[in-house]
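Numbering-wise (my numbering), the sequence shown opens with residue 57 and increments by one.
Here a beta-carbon is modelled for each residue, glycine too, at the ideal position from N, C-alpha and C.
Below is one structure; the comments refer to it alone.
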Amino acid sequence: MLFEWNHKKNVSNVKKHHISFELAASIFDDPLHLSVLDEKRHTEERWITLGQSATGKLLVIIHTYKETVEHEVIRIISAREATKKETKQYEEGI
Numbered sequence: 057m058l059f060e061w062n063h064k065k066n067v068s069n070v071k072k073h074h075i076s077f078e079l080a081a082s083i084f085d086d087p088l089h090l091s092v093l094d095e096k097r098h099t100e101e102r103w104i105t106l107g108q109s110a111t112g113k114l115l116v117i118i119h120t121y122k123e124t125v126e127h128e129v130i131r132i133i134s135a136r137e138a139t140k141k142e143t144k145q146y147e148e149g150i
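Dropping the structure here:
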């Protein structure tokens with residue numbers, strides 16, 4: 057699995073949410089992470105993934121997903137800490 061992101065967007069995300077996209081990518085190592093298709097209309101298909109980071113923080117990331125012949129590619133758009141409601145959903149496996 058490969059991860060990519062816009063450098064300026066990563067810097068902006070760190071300032072706003074104190075979460076780097078590099079840390080956010082680690083939630084895909086969480087065997088309990090949950091991914092759902094974002095139902096909002098976008099110009100591209102976006103996913104919302106909830107999972108525990110390498111530091112133990114529960115994070116929500118918005119990203120795109122595509123498969124190539126060689127790799128799965130995830131482009132991270134934003135990342136933040138989970139809300140109480142999202143934490144409960146994660147704990148209940150919803």
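- Between I104 and I118, the gap from beta carbon to beta carbon is short of 8 angstroms.
- In chain order, S109 and A110 place their CB closer than 6 angstroms to the CB of S82, counting only its own chain and leaving out the 5 sequence neighbours on each side.
- Counting the other Cβ atoms within 10 Å of the Cβ of N62 gives fewer than 16, which makes it exposed.
- Residues I104 of the same chain have their beta carbon placed closer than 6 angstroms to that of V92, with the five preceding and five following residues left out of the count.
- With fewer than 16 neighbouring CB atoms inside 10 Å of its own CB, S68 falls in the exposed class.
- Under the three-state reduction of DSSP output, E126 falls in the coil class, being neither helix nor strand.
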